[in-house]
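Colleague: Let me begin by handing over the structure; questions about it come next.
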Amino acid sequence: MARRMDVRGAGGVRLAAWEFADPPKTGLDGADGGPDTEPGGPGVLLLHGLMGRASHWASTARWLAARHRAVALDQRGHGQSEKPPQAAYTREAYVEDAEAAIEQLGLAPALLVGHAMGALTAWQLAAKRPELVRGLIICDMRASALGAASQREWADWFRAWPVPFATLADVRKWFGEDDPWVERPSPARGAFYSEVMHESADGWRPVFEPEQMLRTRESWVYDAHWEELAQVRCPTLVVRGVDGELGRAEAQEMVRVLPAGEYAEVSDAGHLAHYELPSAWRGAVQPFIDRVLGE
């Protein structure tokens with residue numbers, strides 16, 4: 080089952096948070112999803128990447144829920160969270176949203192697990208509010224600046240989408256096979272993007288506004304984030320898919336910069352390691368999670 084809880088983020092933006100398992104027997108009031116007593120067990124907050132949604136963490140969240148309280152957040156502009164066109168899509172807003180989720184849901188001190196953009200949010204929050212974070216997992220996010228050329232490529236890529244898609248099968252085929260960014264067929268990539276589509280009158284379109292995604296990306300793409308990474312004091316695992324966007328050399332430099340950094344990789348996986356190879360992903364992160372959460 081998936082249980083929704085609402086959180087108020089920066090500027091009052093309504094955010095949807097999800098538990099993909101039976102709710103705890105104590106610690107929640109059952110009426111509006113707000114905490115009325117301190118939940119038992121260590122808390123975990125899962126943060127998806129750009130264009131993602133909480134459901135992309137469903138497999139990981141269900142696995143974690145056997146021992147821990149695991150919550151996945153639809154970040155602003157994504158999933159079922161609010162997408163106000165005039166809202167702030169800044170780094171500060173995303174970090175404040177995650178901060179609000181931890182505090183309002185009673186997860187602190189939490190283990191933060193972030194993919195791509197979500198990983199950047201996680202380490203920026205860990206640097207800003209160390210008392211809220213007991214550990215951190217960074218999945219396939221670079222600390223170096225990507226630059227203007229990268230942003231232009233993304234804008235061109237959004238324009239290349241053949242929207243609206245007639246069917247979800249068309250979505251899966253285009254993103255899994257026909258997308259010029261696909262180096263080799265990837266059914267998992269097709270399935271990933273099919274989860275961020277909704278049916279409209281003329282076909283299937285993304286649940287987010289591409290322009291908002293570009294605005295969100297602008298808030299980090301031109302800057303390096305090494306200084307904030309160095310401020311993270313909690314135990315941190317840097318995980319990369321071998322065929323992902325984070326190269327081994329940069330990942331190992333991130334581990335060196337982190338005061339308590341560790342390294343892991345998922346063989347045969349790309350940027351979406353946690354989604355395309357969930358068993359291998361769990362094998363890579365479980366020893367770290369068990370150690371940090373005291374299991």
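Residues in the sequence shown are numbered consecutively from 80, following my numbering. We treat Cβ as the ideally placed atom computed from N, Cα and C, and that holds for glycine.
Going by DSSP, what residues sit across from Thr315 in a beta bridge?
Modeller: Here the question's residue 315 lines up with position 236 in the sequence shown. Its beta-bridge partners are Leu215, Gly340.
Colleague: Pair every Cβ in the stretch 330-340 with every Cβ in the stretch 355-366, then say whether three or more of these pairs are closer than 8 Å.
Modeller: In short, these stretches do not touch, since the Cβ pair count stays below three.
Colleague: Cα-Cα, which of Trp236, Gly282, Leu225 is closest to Asp249?
Modeller: Mapped onto the sequence shown, residue 249 falls at position 170. Asp249 has its Cα closest to that of Gly282, out of Trp236, Gly282, Leu225.
Colleague: Residue ranges of each alpha helix (DSSP H) run of no fewer than 4 residues wholly in the stretch 249-329, ordered along the chain?
Modeller: Listed in chain order, they are 266-273, 289-300, 305-309.
Colleague: Using the rule of at least 16 other Cβ atoms within 10 Å of the residue's Cβ for burial, across every protein chain shown, is His277 buried or exposed?
Modeller: Start at 1 with the first residue of the sequence shown, and residue 277 comes out as number 198. Flag for His277 reads exposed.
Colleague: At which residues does the alpha helix (DSSP H) containing Leu225 begin and terminate?
Modeller: The residue given as residue 225 occupies position 146 in the sequence shown. Looking at the DSSP string, Leu225 is not in any alpha helix (DSSP H), and its letter there is neither H nor E.
Colleague: Tyr173 and Gln230 - do their beta-carbons sit closer together than 9 Å?
Modeller: On the sequence shown, position 151 is the one that residue 230 refers to. On the sequence shown, position 94 is the one that residue 173 refers to. Contact: no.
Colleague: Since I believe Arg213 is in contact with Cys313 (beta carbons under 8 Å), could you give me their beta-carbon distance rounded to a whole number of angstroms?
Modeller: Locating residue 313 in the sequence shown gives position 234, counting from the first residue. Locating residue 213 in the sequence shown gives position 134, counting from the first residue. Confirmed, about 6 Å.
Colleague: Pull up the CB-CB distance for His194 and His304, whole angstroms please, since I reckon it's below 8 Å.
Modeller: Against the sequence shown, residue 194 aligns to sequence position 115. Against the sequence shown, residue 304 aligns to sequence position 225. Incorrect: roughly 15 Å between the Cβ atoms, too far for contact.
Colleague: So, is Met80 buried or exposed, given that buried needs 16 or more other C-beta atoms within 10 angstroms?
Modeller: Taking the sequence shown and counting its residues from 1, the one referred to as residue 80 is at position 1. Classification for Met80: exposed.
Colleague: Along the chain, where does the beta strand (DSSP E) containing Leu125 start, and where does it finish?
Modeller: By one-based count along the sequence shown, residue 125 stands at place 46. Counting along the chain, the beta strand (DSSP E) containing Leu125 begins and ends at 122-126.
Colleague: Which residue from Val123, Arg327, Gly320, Ala239 puts its Cα closest to that of His350?
Modeller: Position 271 of the sequence shown holds residue 350. Selected option, being the one with the closest Cα: Gly320.
Colleague: Give the straight-line distance between the Cα atoms of Leu129 and Trp253, rounded to the nearest whole angstrom.
Modeller: Taking the sequence shown and counting its residues from 1, the one referred to as residue 129 is at position 50. Taking the sequence shown and counting its residues from 1, the one referred to as residue 253 is at position 174. Spanning the two alpha carbons is a distance of roughly 19 Å.
Colleague: Give me the Cα-Cα distance between Ala227 and Asp235, rounded to the nearest whole angstrom.
Modeller: In the sequence shown, the residue the question calls residue 227 occupies position 148. In the sequence shown, the residue the question calls residue 235 occupies position 156. If I take the Cα positions, the gap works out to 12 Å.
Colleague: Within 10 angstroms of the Cβ of Trp260, are there 16 or more other Cβ atoms? Answer buried if so, exposed if not.
Modeller: As a first step, residue 260 must be located in the sequence shown, where it is residue number 181. By the 10 Å Cβ count, Trp260 comes out exposed.
Colleague: If you drop the 5 nearest sequence neighbours on each side, which residues of the same chain put their C-beta closer than 7 Å to that of Arg132?
Modeller: Locating residue 132 in the sequence shown gives position 53, counting from the first residue. Result list for Arg132: Asp153, His157, Gly158, Glu274, Val275, in chain order.
Colleague: Round the Cβ separation of Ala267 and Tyr168 to the nearest angstrom and send it over; I've been treating them as touching at under 8 Å.
Modeller: For this step, residue 267 is matched to residue 188 along the sequence shown. For this step, residue 168 is matched to residue 89 along the sequence shown. In fact, because the Cβ distance is near 27 Å, the residues do not count as touching under 8 Å.
Colleague: Mind checking who Met84 pairs with in its DSSP beta bridge?
Modeller: Residue 84 sits at position 5 when you count from the first residue of the sequence shown. Per DSSP, Ala96.
Colleague: Going along the chain, which residues of its own chain have a beta-carbon closer than 8 Å to the beta-carbon of Ala224, five neighbours each way excluded?
Modeller: By 1-based counting over the sequence shown, the position of residue 224 is 145. These residues qualify, in order along the chain: Val300, Tyr301, Asp302, Ala303.
Colleague: Tell me, to the nearest whole angstrom, how far the beta carbon of Glu324 is from that of Asp219; I am working on the premise that it is less than 8 Å.
Modeller: Position 245 of the sequence shown, counted from the start, is the residue given in the question as residue 324. Position 140 of the sequence shown, counted from the start, is the residue given in the question as residue 219. With a Cβ gap of about 6 Å, Glu324 and Asp219 count as contacting.
Colleague: Between the alpha carbons of Ser358 and Ala180, how many angstroms are there, rounded?
Modeller: Your numbering for residue 358 matches position 279 in the sequence shown. Your numbering for residue 180 matches position 101 in the sequence shown. Rounded to whole angstroms, Ser358 to Ala180 spans 27 Å at the Cα level.
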